[in-house]
């Protein structure tokens, strides 16, 4: 699923609303940490496209189906027509911007970018653990795991 983005700062809010509405049918609850992280990543990547390129962009989301109970990966992409590479910045303590890619790096399980025609595509992925086994949930960063009959809490 995708959303066309105009080079207008108001599009950031529209992109967040669109992404939230897509979560409803995906099996990801709006109050799940994954949903909150996904919306923040949508904000950051769409803001970067709108502010730094001045070009239209396309937001794409790959979400699991409503019946997905296993570990799944959610993928977010923003493609634009600017050939300018994304450049992480070192924002000072008083700076009001310049932290977007650092947030993406810190929140996403994986991210990157590639050229696409005359433009580029920036993507990130988030892993979600569903109703998988205890050991699988622990390997995804949460929940309890059992080993030799003893319960361990993942930290």
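In our numbering, the protein residues as written are 6 to 160.
Beta carbons: idealized from backbone N, C-alpha and C, even for Gly.
All values reported here derive from a predicted model rather than from experimental measurement.
Going by C-alpha positions, residue 43 is about 8 Å away from residue 131.
Excluding residues up to 5 positions away in sequence, 10, 54, 83, 85 lie with their Cβ nearer than 6 Å to the Cβ of residue 62 in the same chain. Excluding the 5 residues flanking it on each side, residue 77 has same chain C-beta neighbours closer than 8 Å at 69, 132, 133, 135, in chain order. Membership of residue 84 in the beta strand (DSSP E) is indicated by the continuous run 77-85. For residue 124, no alpha helix (DSSP H) segment is defined; the enclosing uninterrupted segment is the beta strand (DSSP E) at 124-133. Within the DSSP bridge table, the entry for residue 8 names 64 as partners. Cβ-Cβ distances below 7 Å link residue 35 to 25, 28 in the same chain, with the five nearest sequence neighbours on each side left out; the list follows chain order.
The beta carbons of residue 51 and residue 92 sit no closer together than 7 Å. Bridge partners of residue 119 according to DSSP: 126. In the three-state DSSP reduction, residue 36 falls in the coil class, being neither helix nor strand. The straight-line gap separating the alpha-carbon atoms of residue 88 and residue 57 is approximately 11 Å.
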